[in-house]
Amino acid sequence: MSPEWRLDVTYQASGDERANLNDRATRAEVCLTCEVRQGTRPWTKVKLQDISETGFRIEWRPGFHENQQMYIRIPGLELLVANLRWKREGWIGCEFSNRLYGPTFDHIVRQSLLER
Numbered sequence: 004m005s006p007e008w009r010l011d012v013t014y015q016a017s018g019d020e021r022a023n024l025n026d027r028a029t030r031a032e033v034c035l036t037c038e039v040r041q042g043t044r045p046w047t048k049v050k051l052q053d054i055s056e057t058g059f060r061i062e063w064r065p066g067f068h069e070n071q072q073m074y075i076r077i078p079g080l081e082l083l084v085a086n087l088r089w090k091r092e093g094w095i096g097c098e099f100s101n102r103l104y105g106p107t108f109d110h111i112v113r114q115s116l117l118e119r
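Everything in the sequence shown is counted per my numbering, starting at 4 for the first residue and increasing by one.
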């Protein structure tokens, strides 16, 4: 019989990593119709699936490119600017250029509840 190996590792997150984990903890699931565009492409309606003060996740559409600026229009808010950071399994994740103000984040979550 071969010996069983077991390795116990305790991971200590750095300050930046802890901040990222905290951002994930404040993520809210939403279902809200918004419009997005990259560059001079036409505005495209998509469903906003989740959001935090630092970013959001929406459904992927052809023509979206990683590491490029994206504009998002959420009804009742000014135009927001973000960068597309990742694409996985039909979803894209974007990081806001400027962190959302807390009450703005709360407004988006409340608006999503009204749209359901």
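All C-beta atoms in this analysis are idealised placements derived from N, C-alpha and C, irrespective of residue type, glycine included. Here the structure is a predicted model, which is why all the values come from computation and not from measurement.
Boundaries of the alpha helix (DSSP H) in which residue i is found, first to last residue
| i | result |
| --- | --- |
| residue 118 | 105-118 |
N-terminal and C-terminal residue of the beta strand (DSSP E) that residue i is part of
| i | result |
| --- | --- |
| residue 98 | 94-99 |
Counted within 10 angstroms of its Cβ, other Cβ atoms place residue i as buried (16 or more) or exposed
| i | result |
| --- | --- |
| residue 34 | exposed |
| residue 43 | exposed |
| residue 93 | exposed |
| residue 58 | buried |
For residue i, the three-state DSSP class (helix, strand or coil)
| i | result |
| --- | --- |
| residue 91 | strand |
Cut-off 6 Å between Cβ atoms - residues of its own chain near residue i, not counting five sequence neighbours on either side
| i | result |
| --- | --- |
| residue 83 | 75 |
Cβ neighbours of residue i in the same chain (closer than 8 Å, five flanking residues each side left out)
| i | result |
| --- | --- |
| residue 40 | 46, 47, 73 and 74 |
**Study point:** Segments of 3+ residues assigned as beta strand (DSSP E) that fall wholly inside the segment 20-86
**Key:** With a minimum length of 3 residues, the continuous beta strand (DSSP E) runs that stay inside the segment 20-86 are 31-40, 47-54, 58-62 and 72-76.
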